[in-house]
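Asks:
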DNA sequence: AATGAATGAGCCTTCATTCAT
DNA sequence: AATGAATGAAGGCTCATTCAT
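Below you can see the structure in the form of structure tokens.
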């Protein structure tokens, strides 16, 4: 008897397997067979559900990004004050769910692939824009618009930089250290900007 | 036309071709034939001089990193004061010679490959250590050791982050903006630390 | 036409094709494509089922040797007296099934390859040991142990020698002549040893 | 200043190198570069002197066979009586100069190649005929013509068989044992035939 | 729903061979 | 006399993809 409603289960299993495989291998240079075996199915079935390897990989990347976005959404929902919202965004980037060796490695592998694949580039761009928007939005309530933009860019760069630097480390990722680094930048910069604003206002 | 002593010329041409090919393609997934054709030779000759594809790619990465290191060496040689030396390190990272789309893309592609290739990981690690050493050295003359380490990490992360973020941009890389961002972090942080030191000393 | 359960059929077809190709070519220097074409499949399929060329060739050699061993087993089963058993072993070596130009040529080609491949050497050694064991066993019932060993070695050498000598002959192999040669050695030697034994016993 | 008279030296060095390389490798599947390196020259020079790989290999084989023939010639020259001449032929086949692992391995490799190369087959045939002629000639003075032919074939088969069987042994070749085996055949057979002849004559 | 069977296309690599010096 | 430079041709192997069951 044919099993019904297998599709969503298989798709999910294949996406997870793809992320695992790519993460473990450190590159998208994994074969469909490897991914399928991890998911406990045949390579033919992976094609059946995803059409082509690229489609599966795109789905995998979309999955990573949407999980990140979802977590960010939740965290922002619980934060009220702008400063808290900034911390929320930062902490989600390094949360236990995302800042794991396999995810980091997969993220980097997909990132590079985006250089070639417009579809993947688009996915990343959407995510980047949302991150930027979240940051700028909160920052504008604390500093001048121009400074807000600059700071958002700096924070995003630091996050990406910390990711990529962790990708090559053999030790377990240090989420606390990463968060501290970004938070320190934020604190210092905010203190500085606030002081300057006060000083300017005095004139 | 002389036919002897071609080896260094061919090696160099092939390394350049490899960087170009990888940079343009956005991944190390280029064929030896493509690289060889770019260098104007046969694929067999590339193997003759480099043994295997991996060896050629490693040489290409080593080339990129050693150029970077060399430029940094020169720049540091001309800078005396610690603050100037920091600026030198930063500006070299985004100099016209290095911060070009093809080099950025190639750098990222090699970076990812380092996740798989221990040899490449070693190359990157050597470079990273040298960069870190340069930064920490200069920073220690300006701030406390612990702060110096933290700031070096932050700067390195920002640099790598700015690289990776530029890799996906279709517009020409904005070296000035990148430098400004890192310099701003540096200025702000140094001002803050200096002020705190003065305040502490007062006690 | 059924499409399932093709594996054993394909494996067998590929092994046969390999033996044919090697035999016809007179060396293991045949391409996978040639073998595959003979079997009516693609080279990729040959790799799919055998992994690598070496594995296919080993399987082919194992096939030849196991057929020989199987025939010997049957022949020995039907022979009771020691002298008959010796004739059985000899005649199997030159039976119509084994002593054909293609098999002879393939056998020789594999034999040489065994100089390089430990796996093939092992296969041959197993077969040689079994042949020797069969011969010695029967001979010990007819002559002294030391003589039995010597005669076994001589017979084995003659068989191998007749094989190799036939490999280069363009005429169809002369099985009867080969058998007659070995049998003559056997008869003469047995007569001689028997006579000597009788003579010794008289003392 | 160009060296004069290098040609014979180089040719000889290359032939020796080829035999060594083939013998060590256990197959003619050695590259021209390997052979040339052994001879201390460039691959290009090997081509210069021999034209093609096949030509060099043929020369190497011819060298092995002619050394054998030469040794046999000398040994026969010193032996007068037919029985001694037979022993001479046998002992030369297993002389220290010829019955060495490398030579045995090379001989076998060339032997197989002769299955493919008519030129090599011709070389072997010439040698085989000469060996046969020597054996038959001496044997005819001891036994009937038909028996002489048969015995010559048996002896040749045993010699070849002992060669090929030694090719796969990892222990140093046992020349004495090999000689003893063939001599024993000879003695036994001669005794037998002589006795029969005497018996027949009596009638 | 799922898979074994099968292949075309492509890549890395090796190597004999040629040529200019 | 000798070699470095260079390549065309070919082979082993992998893999995404398709198809019939």
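Chains as they are written, first to last, in our numbering: chain A, 1 to 203; chain B, 1001 to 1203; chain C, 2001 to 2203; chain D, 3001 to 3203. In this text, a Cβ means the ideal position worked out from N, Cα and C, and glycines have one as well.
1) For residue 1119 of chain B versus residue 1027 of chain B, is the C-beta spacing smaller than 8 Å?
2) Output the boundary residues of the alpha helix (DSSP H) element that contains residue 3018 of chain D.
3) Helix, strand or coil for residue 2169 of chain C per DSSP?
4) Could you say which of D:3125, D:3124, D:3150 and D:3121 lies nearest to residue 3135 of chain D if we only look at CA atoms?
5) Identify which residue in A:17, A:105 and A:101 has its Cα closest to the Cα of residue 33 of chain A.
6) Whose C-alpha, out of C:2044, C:2045, C:2092 and C:2184, is nearest the C-alpha of residue 2067 of chain C?
7) Rounded to the nearest angstrom, what separates residue 1096 of chain B and residue 10 of chain A at their Cα positions?
8) For my contact list, residue 3128 of chain D and residue 3085 of chain D are in at a C-beta cut-off of 8 Å; report their separation, rounded to the angstrom.
9) Using a Cβ cut-off of 8 Å (strictly closer), state whether residue 1198 of chain B contacts chain A.
10) Identify the continuous alpha helix (DSSP H) that holds residue 2138 of chain C and give its terminal residues.
11) Looking at the C-beta of residue 2186 of chain C, does it have a partner C-beta in chain D at a distance below 8 Å?
12) Of the residues C:2031, C:2132, C:2040 and C:2045, which one's Cα is nearest the Cα of residue 2089 of chain C?
13) Would you report the Cα separation of residue 3190 of chain D and residue 3142 of chain D, rounded to the nearest angstrom?
14) Hey, would you say residue 2087 of chain C sits closer than 8 Å to residue 2153 of chain C, going by beta carbons?
15) Would residue 1162 of chain B and residue 1178 of chain B qualify as a contact pair, given that the criterion is a beta-carbon distance under 8 Å?
16) I want to see whether chain C comes within less than 8 Å of residue 3001 of chain D, judged by CB atoms only; does it?
17) Ends of the alpha helix (DSSP H) at residue 1035 of chain B?
18) Just to check, is the beta-carbon of residue 130 of chain A closer than 7 Å to a non-hydrogen atom of the ligand GDP?
19) Compile a chain-ordered list of the residues in the region 2066-2085 of chain C whose CB is closer than 9 Å to at least one CB of chain D.
20) Name the chain C residues whose beta carbon is nearer than 7 Å to that of residue 3032 of chain D?
21) If we count the other Cβ atoms within 10 Å of its Cβ and call it buried at 16 or more, is residue 2002 of chain C buried or exposed?
22) For residue 47 of chain A, go through chain B and note every residue whose CB falls closer than 8 Å to its CB, in chain order.
23) Quick one: give me the first and last residue of the alpha helix (DSSP H) that residue 1068 of chain B is part of.
24) Which of the three DSSP states, helix, strand or coil, is assigned to residue 98 of chain A?
25) Just by C-beta distance, which residues in the region 2157-2168 of chain C are closer than 9 Å to chain D?
26) Could you tell me whether the Cβ atoms of residue 3222 of chain D and residue 2164 of chain C are closer together than 8 Å?
27) Look at the alpha carbon of residue 1044 of chain B and the alpha carbon of residue 1057 of chain B, and state the distance between them as a whole number of angstroms.
28) Is it right to say residue 2105 of chain C is buried, meaning 16 or more other beta carbons lie within 10 angstroms of its own, or is it exposed?
29) Residue 2091 of chain C lies in the alpha helix (DSSP H); which residues open and close that run?
30) Hey, residue 2081 of chain C and residue 2039 of chain C: beta-carbon distance below 8 Å or not?
31) Thinking just about the alpha-carbon of each residue, which of B:1144, B:1167, B:1166 and B:1024 is nearest to the one in residue 1198 of chain B?
32) Spatial neighbours of residue 2174 of chain C within its chain, please: CB distance less than 6 Å, with the 5 preceding and 5 following residues excluded, ordered by chain position.
33) With a cut-off of 8 Å, does the C-beta of residue 116 of chain A fall near any C-beta of chain B?
34) Round the Cβ separation of residue 1021 of chain B and residue 1030 of chain B to the nearest angstrom and send it over; I've been treating them as touching at under 8 Å.
35) Name the chain A residues whose beta carbon is nearer than 9 Å to that of residue 1127 of chain B?
Replies: Looking at the coordinates:
1) Stepping through the second chain from its first residue, residue 1119 of chain B is reached at position 119. Stepping through the second chain from its first residue, residue 1027 of chain B is reached at position 27. No, the pair does not count as a contact, with Cβ atoms beyond the cut-off.
2) Residue mapping note: residue 3018 of chain D aligns to position 18 of the fourth chain, counting from 1. That run of the alpha helix (DSSP H) goes 3006-3025.
3) Taking the third chain and counting its residues from 1, one reaches residue 2169 of chain C at position 169. In this structure, residue 2169 of chain C counts as coil in the three-state DSSP scheme.
4) Translated into the one-based positions of the fourth chain, residue 3135 of chain D becomes position 135. Considering only alpha carbons, the answer is D:3150.
5) One-based indexing of the first chain puts residue 33 of chain A at position 33. Ranking the options by Cα distance to residue 33 of chain A, first place goes to A:17.
6) The sequence position of residue 2067 of chain C within the third chain is 67, counting from 1. Checking every option, the nearest Cα to that of residue 2067 of chain C belongs to C:2092.
7) In the second chain, residue 1096 of chain B corresponds to position 96, counting from 1. In the first chain, residue 10 of chain A corresponds to position 10, counting from 1. Going from the Cα of residue 1096 of chain B to the Cα of residue 10 of chain A covers about 49 Å.
8) The residue given as residue 3128 of chain D occupies position 128 in the fourth chain. The residue given as residue 3085 of chain D occupies position 85 in the fourth chain. About 18 Å; that fails the 8 Å criterion.
9) Here the question's residue 1198 of chain B lines up with position 198 in the second chain. Taking Cβ atoms only, chain A never reaches closer than 8 Å to residue 1198 of chain B, which makes this a no.
10) Taking the first residue of the third chain as 1, we reach residue 2138 of chain C at position 138. Looking at the DSSP string, the run of the alpha helix (DSSP H) that includes residue 2138 of chain C is 2118-2139.
11) Taking the third chain and counting its residues from 1, the one referred to as residue 2186 of chain C is at position 186. Taking Cβ atoms only, chain D never reaches closer than 8 Å to residue 2186 of chain C, which makes this a no.
12) For the purposes of this step, residue 2089 of chain C is identified with residue 89 of the third chain, where counting begins at 1. Nearest C-alpha to residue 2089 of chain C: C:2132.
13) Taking the fourth chain and counting its residues from 1, one reaches residue 3190 of chain D at position 190. Taking the fourth chain and counting its residues from 1, one reaches residue 3142 of chain D at position 142. Between residue 3190 of chain D and residue 3142 of chain D, the C-alpha separation is close to 8 Å.
14) Reading the third chain from its first residue, position 87 is the one you call residue 2087 of chain C. Reading the third chain from its first residue, position 153 is the one you call residue 2153 of chain C. Not a contact, by the Cβ cut-off of 8 Å.
15) By 1-based counting over the second chain, the position of residue 1162 of chain B is 162. By 1-based counting over the second chain, the position of residue 1178 of chain B is 178. It is a contact, given that the beta carbons lie within the stated cut-off.
16) By one-based count along the fourth chain, residue 3001 of chain D stands at place 1. Bear in mind that the predicted position of residue 3001 of chain D carries a pLDDT of just 41, short of 50, making it unreliable; the figure below should be weighed with that in mind. By this cut-off, residue 3001 of chain D is not an interface position.
17) Within the second chain, the letter at position 35 stands for residue 1035 of chain B. Residue 1035 of chain B -> alpha helix (DSSP H) spans 1032-1039.
18) In terms of ligand content, the structure shown is empty, and the ligand GDP therefore cannot be addressed.
19) none
20) Counted from its first residue, the fourth chain places residue 3032 of chain D at position 32. Under the 7 Å cutoff, chain C gives no residues; its nearest Cβ is about 16 Å from residue 3032 of chain D.
21) Within the third chain, residue 2002 of chain C is the residue found at index 2, counting from 1. Confidence is the limiting factor: at residue 2002 of chain C the pLDDT is only 46, short of 50, which leaves the residue's position unreliable and the question unanswerable from this model.
22) For the purposes of this step, residue 47 of chain A is taken as the residue at position 47 of the first chain. Residues of chain B passing the Cβ test: none, with the nearest at roughly 21 Å.
23) Position 68 of the second chain, counted from the first residue, corresponds to residue 1068 of chain B. Where residue 1068 of chain B is concerned, the enclosing alpha helix (DSSP H) stretches over 1053-1078.
24) Start at 1 with the first residue of the first chain, and residue 98 of chain A comes out as number 98. Of the three classes helix, strand and coil, the one that applies to residue 98 of chain A here is coil, per DSSP.
25) 2157, 2158, 2159, 2160, 2161, 2162, 2163, 2164, 2165, 2167 and 2168
26) The structure shown does not extend to residue 3222 of chain D, since chain D is modelled only from 3001 through 3203, so no value can be given for it.
27) As a position in the second chain, residue 1044 of chain B is number 44, starting the count at 1. As a position in the second chain, residue 1057 of chain B is number 57, starting the count at 1. Straight-line Cα distance between these residues: approximately 16 Å.
28) Taking the first residue of the third chain as position 1, residue 2105 of chain C is located at position 105. Under this definition residue 2105 of chain C is a buried residue.
29) What you label residue 2091 of chain C is simply residue 91 of the third chain in a count that begins at 1. Residue 2091 of chain C -> alpha helix (DSSP H) spans 2082-2093.
30) Your numbering for residue 2081 of chain C matches position 81 in the third chain. Your numbering for residue 2039 of chain C matches position 39 in the third chain. No, the pair does not count as a contact, with Cβ atoms beyond the cut-off.
31) In the second chain, residue 1198 of chain B corresponds to position 198, counting from 1. Considering only alpha carbons, the answer is B:1144.
32) Within the third chain, the letter at position 174 stands for residue 2174 of chain C. Nothing meets the Cβ criterion.
33) Counted from its first residue, the first chain places residue 116 of chain A at position 116. At least one chain B Cβ lies under 8 Å of residue 116 of chain A.
34) The count along the second chain starts at 1 and reaches residue 1021 of chain B at position 21. The count along the second chain starts at 1 and reaches residue 1030 of chain B at position 30. The Cβ separation is near 4 Å, so the contact holds.
35) Position 127 of the second chain, counted from the first residue, corresponds to residue 1127 of chain B. Per Cβ cutoff of 9 Å: no residues; residue 1127 of chain B is ~11 Å from chain A at best.
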